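For the sequence shown, this note's numbering gives the first residue as 83, with consecutive numbering after it.
C-beta atoms are modelled at their ideal positions from N, C-alpha and C, and glycine is treated no differently.
These numbers were taken from a predicted model, which means no experiment stands behind them.
Accompanying notes for the structure given below.
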Amino acid sequence: MQTIAFDLLRLFLGPMSAAPRGIDRVDLGYALHLFRNRSINCLGVLPTPFGPRVYDRDFVLQFEPFFDRMWGESVDPSADPVFADLNRALTTDWRPPDPSFEWKPVAGRLPIVWRYNQMLWSTPWSFGRGLSALPQECTYLNIGQIGLGQPRQLAWLRRRPDIRPVFMLHDVIPLTHPEVVSAGNIAIHERILATAMDYARGLLVPSEAAKASIVKTLQDRRARPFAVEAVPLPINEIFTSKTSPELGLAARPYFLICGSIEIRKNHMLLLRVWQRLQQRLGDRTPMLVIAGAPGFGGQGLLDFIAAHPAIRPHVVFALNMSTAGIRDAMAAARAVLMPSFAEGFGLPPVEALSTGTPAVLSDIDAHRESSEGYGIFLDPNDVDGWTDAVLRLIEDDAALAALRAKIADFRPTTWDSHIAQVLAILKDMG
């Protein structure tokens, strides 16, 4: 029987986030699908101050209800305060807050310390077992990537050379596009890559586009040869389920950008587009919904909006919205807009297309690959082109209907097919 030792660190750090990022969803999805799979022997590995501890299947699965409650993975969107606020903003005579507002915690979301208390007290805790609990020749699988930035946490692999380490490296954007990330992120990614070069038997990467940049980066650093396999990421099943979004969401035309609010995602281009739309359309300007969590350079958006108050009534932030809320917000949007400068894969375009919503995307390899060509592709620096695309989607209902009919044929990667592909790859890497 195939044995996998799954790294639990990102899950253990999950309560630090009020809502999951894409990488959190992927890591949680892997954990649930692997630990539920009785055809493999799946054990959890968690680095601790006392060394790595090993946990069995049942111990890990008992945390599933906690993550479901904490992140609202299956909650009705109407129970999400962020989604409720967004619905009001799109259905009433909404007035934006004062231009000097700052990022604020989401009402109804518990602070970090309380989320950790809930995790520790809602489930029986265990000190686990030592490394001897890991069978010989098993595969150590690290999807969350966090531990790779702290090499000492993986030093135990030197004591168990029989174990086959396989890591998922989501991208090397901080090394190939340092201008759009923080200096700290660059330093962390250097350590992540160095750790992978030291230990990896193989790497999983989310796309052929990511593979090309990762392989080149490894070659530039004269890394020893090891397998690098591209496996397209699956999406949460909720995005493929039938949904009837709140009628209010569709009452006012709006567009959605989803993801970390940071320079790499190129939100600033959309603010410039909305500045032009407001000058042309006035009160008929559609809403721009910015969903995500603040990241590197996010304050620049607030500064831009404060300096251009005419667009304020047409821009609303939905910080840390639940997965179900994002699904419904996507389903009722005119389109999802993703003008990113760089991506390793790009989950939001796949999620949008899966709900039947058009995706207007930066013309980069990762977006063309993940969307399977179903997107509308534009230069991420072309303000005129993006403005024209938004105007067409507002003013030409027939074209919008034809686009929706076309993307009805889009089929995302499912978790079952993804995990089956990964298990086959892990066997080959053995």
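C-alpha distance - L168 paired with M369, whole-angstrom precision: 11 angstroms
What are the boundary residues of the beta strand (DSSP E) that includes E311? 309-312
Can you name the start and end residues of the alpha helix (DSSP H) that A112 belongs to? It is Tyr, not Ala, that sits at residue 112 in the sequence shown. Counting along the chain, the alpha helix (DSSP H) containing Y112 begins and ends at 104-118.
Length-filtered (4 minimum) alpha helix (DSSP H) runs lying within the stretch 383-435: 405-414
Do P376 and I518 count as a contact pair if the criterion is CB distance below 7 angstroms? What is shown of the chain runs 83 to 512, which leaves residue 518 out entirely.
Boundaries (first-last residue) of the alpha helix (DSSP H) holding D140: 139-143
In three-state DSSP terms, what is F132? coil
Residue range of the alpha helix (DSSP H) that includes A294: 290-302
Pick from N463, L236, A484, T496 that is closest to L353, judged by C-alpha positions: N463
Given a cut-off of 7 angstroms, decide if V418 and I317 are closer than it, judged by their beta-carbon atoms. no
So what does F123 bridge to, in DSSP terms? Reading the sequence as shown, one finds Asn at residue 123 and not Phe. T85, per the DSSP bridge assignment.
Outcome for G133 when other beta-carbon atoms lying within 10 angstroms are tallied against a minimum of 16: exposed
Closest to S295 by CA distance: which of T469, R120, L114, P256 is it? P256
On the DSSP bridge assignment, give the partners of F337 in chain order. L370, A417
Reference G284, options R304, I270, G266, V310, closest by Cα: V310
Along the chain, which unbroken stretches of the beta strand (DSSP E) at least 3 residues long are found entirely within the stretch 455-481? 458-460
Using DSSP's beta-bridge definition, name the partner residues of P247. Y222
Could you tell me which residues DSSP puts in a beta bridge with S342? S342 pairs with nothing; no bridge assigned.
In the DSSP output, which residue or residues are listed as bridge partners for P376? I343
Who are S208's beta bridge partners in DSSP? Looking at the DSSP assignment, S208 forms no beta bridge with any residue, so it has no partner.
Give the secondary structure of I507 by DSSP, where H, G and I count as helix, E and B as strand, and everything else as coil. helix
Using a Cβ distance threshold of 8 angstroms, determine whether the stretch 115-128 contacts the stretch 84-92, with at least three qualifying pairs required. yes
Using a threshold of 7 angstroms, state whether the C-beta atoms of G467 and L460 are closer than that. yes
V248 and L223: beta carbons closer than 7 angstroms? yes
Hey, is R346's beta-carbon within less than 7 angstroms of any beta-carbon in chain D? Checking the listed chains, one finds no chain D in this structure; it contains a single protein chain.
State the Cα-Cα distance for the pair V188 and F399, rounded to the nearest angstrom. Unreliable placement is indicated for V188, whose pLDDT of 45 sits below 50; the coordinate value is still reported in the next sentence. Rounded to the nearest angstrom, the two C-alpha atoms are 11 angstroms apart.
Rounded distance between the beta-carbons of V297 and H271, thought under 8 angstroms: With a Cβ gap of about 16 angstroms, H271 and V297 do not count as contacting.
Considering S444, what are the terminal residues of the beta strand (DSSP E) in which it resides? 441-444
Here's a check: name, in chain order, each residue in its chain whose Cβ is nearer than 6 angstroms to the Cβ of R135, leaving out the five neighbours to either side. L128, G210
Are there three or more Cβ pairs, one per stretch, closer than 8 angstroms when the stretch 139-156 is compared with the stretch 379-386? no
Tell me which residues share the same chain as A434 and place their Cβ nearer than 6 angstroms to its Cβ, disregarding the 5 neighbours each side in the sequence. M412, V418, A441
The ligand SAM and A406: does any heavy atom of the ligand fall closer than 6 angstroms to the residue's C-beta? In the structure shown, the ligand SAM is absent, as is every other ligand, since no ligand is present at all.
Helix, strand or coil at A189 according to DSSP, with G and I counted as helix: Only weak support exists for where A189 lies, its pLDDT of 43 falling under 50; the coordinates are left without a value.
Round the Cβ separation of R409 and L482 to the nearest angstrom and send it over; I've been treating them as touching at under 8 angstroms. Incorrect: roughly 20 angstroms between the Cβ atoms, too far for contact.
Just checking, does the stretch 156-165 make contact with the stretch 235-251 on the three C-beta pairs under 8 angstroms criterion? no
Buried or exposed: which applies to K347, given that a residue is buried once 16 or more other Cβ atoms fall within 10 Å of its Cβ? buried
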